[in-house]
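Asker: Just so you know, the sequences run in chain order A and B. With the working numbering, letter number 104 in the first sequence gets 104, and the count goes up by one each step, no holes. With the working numbering, letter number 42 in the second sequence gets 42, and the count goes up by one each step, no holes. We put the CB at the ideal spot given by N, CA and C, even for glycine. Bear in mind the structure is a predicted one, so any value in this text is a computation, not a measurement. Please read through the structure below; I'll follow up with questions.
There are 2 protein chains.
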Amino acid sequence: MAPSETSQLRIALDAMGGDNAPFSVLKGADFACQKYKNVNFLLFGDQSKINPILEKLPALQKVSSVIHTDKVVTNEDKPSAAIRQGRDSSMGMAIKAVHDGTADGIVSSGNTGALMAIAKITLRTLPGIDRPAIATAYPTMRGRCIVLDLGANVECDANNLFQFAVMGDAFAHAVLQVERPSIGLLNVGSEEAKGNEVVKAAASMLKENGLKLNYYGHVEGDDITKGTVDVVVSDGFSGNISLKTAEGTAHMFSHFLKMAFKSSWISKLGYLLARPALKKVFNALDPRQHNGAMFLGLNGIVVKSHGGTDEVGFANAIGVAVELITHKINEQITKEIEISHRNGHQKMPELASATSKN
Amino acid sequence: MAPSETSQLRIALDAMGGDNAPFSVLKGADFACQKYKNVNFLLFGDQSKINPILEKLPALQKVSSVIHTDKVVTNEDKPSAAIRQGRDSSMGMAIKAVHDGTADGIVSSGNTGALMAIAKITLRTLPGIDRPAIATAYPTMRGRCIVLDLGANVECDANNLFQFAVMGDAFAHAVLQVERPSIGLLNVGSEEAKGNEVVKAAASMLKENGLKLNYYGHVEGDDITKGTVDVVVSDGFSGNISLKTAEGTAHMFSHFLKMAFKSSWISKLGYLLARPALKKVFNALDPRQHNGAMFLGLNGIVVKSHGGTDEVGFANAIGVAVELITHKINEQITKEIEISHRNGHQKMPELASATSKN
Chain A
1 MAPSETSQLR IALDAMGGDN APFSVLKGAD FACQKYKNVN FLLFGDQSKI
51 NPILEKLPAL QKVSSVIHTD KVVTNEDKPS AAIRQGRDSS MGMAIKAVHD
101 GTADGIVSSG NTGALMAIAK ITLRTLPGID RPAIATAYPT MRGRCIVLDL
151 GANVECDANN LFQFAVMGDA FAHAVLQVER PSIGLLNVGS EEAKGNEVVK
201 AAASMLKENG LKLNYYGHVE GDDITKGTVD VVVSDGFSGN ISLKTAEGTA
251 HMFSHFLKMA FKSSWISKLG YLLARPALKK VFNALDPRQH NGAMFLGLNG
301 IVVKSHGGTD EVGFANAIGV AVELITHKIN EQITKEIEIS HRNGHQKMPE
351 LASATSKN
Chain B
1 MAPSETSQLR IALDAMGGDN APFSVLKGAD FACQKYKNVN FLLFGDQSKI
51 NPILEKLPAL QKVSSVIHTD KVVTNEDKPS AAIRQGRDSS MGMAIKAVHD
101 GTADGIVSSG NTGALMAIAK ITLRTLPGID RPAIATAYPT MRGRCIVLDL
151 GANVECDANN LFQFAVMGDA FAHAVLQVER PSIGLLNVGS EEAKGNEVVK
201 AAASMLKENG LKLNYYGHVE GDDITKGTVD VVVSDGFSGN ISLKTAEGTA
251 HMFSHFLKMA FKSSWISKLG YLLARPALKK VFNALDPRQH NGAMFLGLNG
301 IVVKSHGGTD EVGFANAIGV AVELITHKIN EQITKEIEIS HRNGHQKMPE
351 LASATSKN
């Protein structure tokens with residue numbers, strides 16, 4: 001279980017995914033290979049576009065192989081179409097490399113729905129996991145917090161939420177380096193009686209989890225940024241709305257601040273004086289620093305980078321993949337799910353029947 | 001329908017509700033009565049605590065009557081207990097005044113669950129409305145946006161969401177003064193095929209609404225602060241999580257900013273120079289300026305003020321009540337719901353069967 005920092009890792013990159021591909025992908029990989037000395041890259045995509053950039057990035061070139069394909073999954077492609085036609089695209093081939101064992105993980109900035117669909121069909125879910133979930137680390141007032149699911153499952157039952165908790169625990173352990181991460185269920189109130197039937201049933205399962213899970217109880221939306229717990233578990237509907245609301249609120253705040261600083265020469269001067277300190281804040285809350293959401297629960301490491309990110313953001317997404325591979329997150333998840341099955345803490349009929357349609 | 005600014009309004013205040021009651025309630029009412037010259041107040045609560053404060057607020061005293069009760073609903077009281085024991089509390093009596101027609105509306109900073117429970121049982125819902133919803137105005141980059149439901153209903157069906165849209169339309173018309181407010185359904189993506197069955201069914205109902213509703217389509221969490229639409233409709237589970245996440249994110253941003261400005265003398269100087277401009281931003285985003293959530297759909301105007309707010313926030317909550325009473329919001333809602341029933345746009349069996357368990 002100890003991180004094996006020195007062993008060689010092979011990461012497949014969908015070089016053609018994202019708004020600024022392949023430049024931001026390659027430049028991001030170049031940043032990452034200077035930070036992680038043990039990483040090799042498989043670059044999937046159009047070699048006529050990749051090679052000219054790669055020639056200018058000798059450090060990356062040294063640790064990379066280019067696998068050519070001129071097919072690309074676009075942002076407009078529906079998941080169903082991507083499954084049918086996307087297998088020999090840069091995204092599809094990169095996922096296939098993980099399936100075949102030629103790569104330890106894949107990072108893509110491409111179409112989220114297509115990535116999930118191809119990854120699910122190619123890699124399948126881990127034993128005992130019914131549905132994969134999207135997880136990422138949010139900035140909080142106390143550090144970082146893992147939130148899942150962020151939109152893979154708009155309808156969840158109590159078993160799904162329980163499995164998300166197990167996966168979130170392993171993710172937090174790997175990424176936040178917390179020994180026994182505390183886990184909260186996202187709800188409309190912290191009292192035990194609050195919430196819908198699915199959340200209440202999941203709470204019962206988590207309270208008597210038979211694992212080492214450190215279950216905290218219900219948490220509310222503002223507990224995420226308070227850093228009340230290390231892991232926040234939600235269905236994908238509310239989780240996605242929460243993530244997007246947080247992004248929107250942070251964006252509005254920055255927007256108004258910039259306007260204020262620009263509103264007069266004296267405010268501009270004030271900004272110049274406070275800039276070094278303010279930069280620290282903006283860096284800490286910079287979405288690029290928190291880029292890289294994992295599709296947890298698949299039989300392979302799949303990290304989704306934001307489509308609009310730049311090389312700094314992409315390098316961070318690669319960092320997430322490195323941490324998850326190094327910490328063998330899927331072995332941890334599989335082990336905990338096995339224990340929970342042995343202990344009979346899943347698929348309890350009375351609990352599993354509480355199904356969210358949300 | 002035209003606002004009748006000059007007619008006298010009577011507002012019942014739960015003088016004992018909230019963390020700083022009765023001081024913040026009375027001081028807030030004093031602020032409000034200087035802004036709204038046509039408002040009289042009925043102050044419900046302990047006269048031994050109210051009168052000493054009131055004597056120092058002559059403008060308020062002139063337009064107020066004190067109705068004594070020494071019973072108070074506390075924050076710890078469960079809604080069921082509040083219904084049984086709270087009728088002769090300051091909250092219960094203030095609601096009763098609206099029921100009896102001696103007040104045009106009530107404002108309380110007390111226990112939300114108790115306020116909703118007593119208000120529902122005393123005032124009942126408007127004809128055609130199945131469930132009341134909690135609505136408030138969020139700050140956005142373009143102004144303000146009405147969001148509902150914020151937590152009254154953790155499980156909703158398509159009919160409920162449709163009714164929330166009608167009520168939100170009337171609320172936006174009254175509070176934002178928008179002729180035909182645009183209405184969005186909160187979802188995990190803007191595409192029509194995205195989301196759960198309840199949202200999709202509600203979207204069908206809204207597209208063919210037979211009313212004057214200006215239905216926009218699906219919106220995401222970040223569309224709230226972008227100001228994409230005037231009204232955002234959600235079930236109470238996701239709506240509450242969204243509101244709390246926004247509050248938490250704004251709080252974290254302010255917290256880090258304050259730390260940055262305090263981190264060195266040169267940052268402090270920068271802050272002092274930029275302060276006038278920054279104050280405008282913080283004022284615009286100040287939760288007190290957006291205080292006052294209405295319990296929409298009840299047969300009477302019930303405005304909930306944040307329990308921890310001060311006199312500035314309480315005065316704003318009174319302002320919300322004044323606007324809603326003046327614009328006869330409940331008459332508008334009733335009229336639109338009647339039309340939708342006549343047009344057969346509600347209770348469609350195939351739609352109503354899509355029930356959220358979330």
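With a cut-off of 8 Å, does the C-beta of L186(A) fall near any C-beta of chain B?
Answerer: True, the Cβ-Cβ gap to chain B drops below 8 Å.
Asker: With the cut-off set at 8 Å, would you say M294(B) and A135(B) are in Cβ contact?
Answerer: The answer is yes: Cβ separation under 8 Å.
Asker: With H, G and I counted as helix, E and B as strand and the rest as coil, what does DSSP make of H327(A)?
Answerer: Three-state DSSP puts H327(A) in coil, outside helix and strand.
Asker: Which residue spans inside the stretch 138-195 of chain A form an unbroken alpha helix (DSSP H) run of at least 4?
Answerer: Counting only runs of 4 or more, we get 158-175.
Asker: What's the gap between the Cα of I11(A) and the Cα of I106(A)?
Answerer: If I take the Cα positions, the gap works out to 6 Å.
Asker: With 8 Å as the threshold, decide whether the Cβ of D19(A) is near any Cβ in chain B.
Answerer: So, not an interface residue.
Asker: Per DSSP, H218(A) forms a beta bridge with which residues?
Answerer: According to DSSP, which records beta bridges pairwise, H218(A) is partnered with L185(A).
Asker: Assuming V233(A) and I337(A) make a contact with CB atoms under 8 Å, what is their CB distance in whole Å?
Answerer: At roughly 15 Å, the Cβ-Cβ gap does not stay under 8 Å, so V233(A) and I337(A) are not in contact.
Asker: What residues in its chain sit with their C-beta under 6 Å from that of Y271(A), if we drop five residues either side in the sequence?
Answerer: Around Y271(A): F261.
Asker: What does DSSP give as the partner residue(s) for R10(B) in the beta ladder?
Answerer: Answer is N40(B), bridged to R10(B).
Asker: Going by the CB atoms, is the gap between G239(A) and G319(A) shorter than 8 Å?
Answerer: For G319(A) and G239(A), no; Cβs fall outside 8 Å.
Asker: Can you find a C-beta in chain A that's less than 8 Å from the C-beta of M348(B)?
Answerer: Reliability of the predicted coordinates at M348(B) is poor, the pLDDT of 44 falling under 50, and the value obtained from them is presented with this limitation in mind. Output row for M348(B): interface = no.
Asker: Can you grab the Cα-Cα spacing for the pair Q332(A) / A203(A), in whole Å?
Answerer: If I take the Cα positions, the gap works out to 22 Å.
Asker: Excluding the 5 residues preceding and the 5 following H99(A) in the sequence, name in chain order all residues of the same chain whose CB lies nearer than 7 Å to its CB.
Answerer: Within the same chain, H99(A) has close Cβ partners T122, L123 and G300.
Asker: State the Cα-Cα distance for the pair V66(A) and C145(A), rounded to the nearest angstrom.
Answerer: Distance between the alpha carbons of V66(A) and C145(A): 35 Å.
Asker: Could you check which residue in I129(A), D46(A), K62(A) and S242(A) has the C-alpha nearest to that of D222(B)?
Answerer: Out of I129(A), D46(A), K62(A) and S242(A), S242(A) has the C-alpha closest to the C-alpha of D222(B).
Asker: To the nearest angstrom, how far is it from the Cα of E350(B) to the Cα of Q177(B)?
Answerer: With a pLDDT of only 40 at E350(B), under the threshold of 50, the placement of this residue in the model should not be trusted; the figure read from the coordinates follows. Approximately 35 Å between the Cα atoms of the pair.
Asker: Could you check which residue in S254(B), L285(B) and G86(B) has the C-alpha nearest to that of D14(B)?
Answerer: Nearest of S254(B), L285(B) and G86(B) to D14(B), Cα basis: G86(B).
Asker: Helix or strand or just coil, what does DSSP make of A250(B)?
Answerer: Note: A250(B) maps to helix in three-state DSSP.
Asker: Whose C-alpha, out of N51(A), L185(A) and T334(A), is nearest the C-alpha of K200(A)?
Answerer: The candidate whose alpha carbon is nearest that of K200(A) is L185(A).
Asker: With a threshold of 16 other CB atoms inside 10 Å of the CB of G92(B), please say whether the residue is buried or exposed.
Answerer: Buried.
Asker: Look at A32(A) and V39(A) and say whether their C-beta atoms are less than 8 Å apart.
Answerer: A contact, by the Cβ cut-off of 8 Å.
Asker: Going straight from the alpha carbon of K207(A) to that of Y215(A), what length do you get?
Answerer: About 6 Å.
Asker: Looking at the strands, I want to know which residues DSSP matches up with T334(B).
Answerer: Answer by DSSP bridge pairing: none, since T334(B) is not bridged.
Asker: For the stretch 251-273 of chain A, list every residue whose C-beta sits within 9 Å of some C-beta in chain B, in sequence order.
Answerer: The stretch 251-273 of chain A vs chain B, Cβ under 9 Å: H251, M252, F253, S254, H255, F256, L257, M259, A260, F261, K262, S263, S264, I266, S267, K268, L269, G270, Y271, L272 and L273.
Asker: With 8 Å as the threshold, decide whether the Cβ of F164(A) is near any Cβ in chain B.
Answerer: Judged by the 8 Å Cβ criterion, F164(A) is not in contact with chain B.
Asker: Between F256(B) and A137(A), which are expected to be in contact by the criterion C-beta below 8 Å, what is the C-beta distance as a whole number of angstroms?
Answerer: Actually they do not touch by this definition, with Cβ atoms about 17 Å apart.
Asker: By DSSP, does H306(B) sit in helix, in strand, or in coil?
Answerer: Reduced to three states, the DSSP call for H306(B) is coil.
Asker: For M391(B), go through chain A and note every residue whose CB falls closer than 7 Å to its CB, in chain order.
Answerer: This structure gives no information on residue 391(B), because the portion of chain B shown stretches from 1 to 358.
Asker: Tell me the rounded alpha-carbon separation between P52(B) and R288(B).
Answerer: Approximately 26 Å between the Cα atoms of the pair.
Asker: Rank A315(B), I183(B), A158(B) and G210(B) by C-alpha distance to the C-alpha of V147(B) and give the top, closest one.
Answerer: Selected option, being the one with the closest Cα: I183(B).
Asker: Between A277(A) and chain B, is there a C-beta pair that is closer than 8 Å?
Answerer: Yes, its Cβ sits closer than 8 Å to a Cβ of chain B.
Asker: To which residues does DSSP link S108(A) through a beta bridge?
Answerer: Looking at the DSSP assignment, S108(A) forms a beta bridge with K304(A).
Asker: Using only the alpha-carbon positions, how far apart do E179(B) and D149(B) sit?
Answerer: If you take the alpha carbons of E179(B) and D149(B), they lie about 22 Å apart.
Asker: Hey, does F237(B) have any beta-carbon neighbour from chain A nearer than 8 Å?
Answerer: By this cut-off, F237(B) is an interface position.
Asker: Classify S340(A) as buried or exposed, calling it buried when 16 or more other Cβ atoms lie within 10 Å of its own Cβ.
Answerer: Counting Cβ neighbours within 10 Å, S340(A) comes out buried, since at least 16 surround it.
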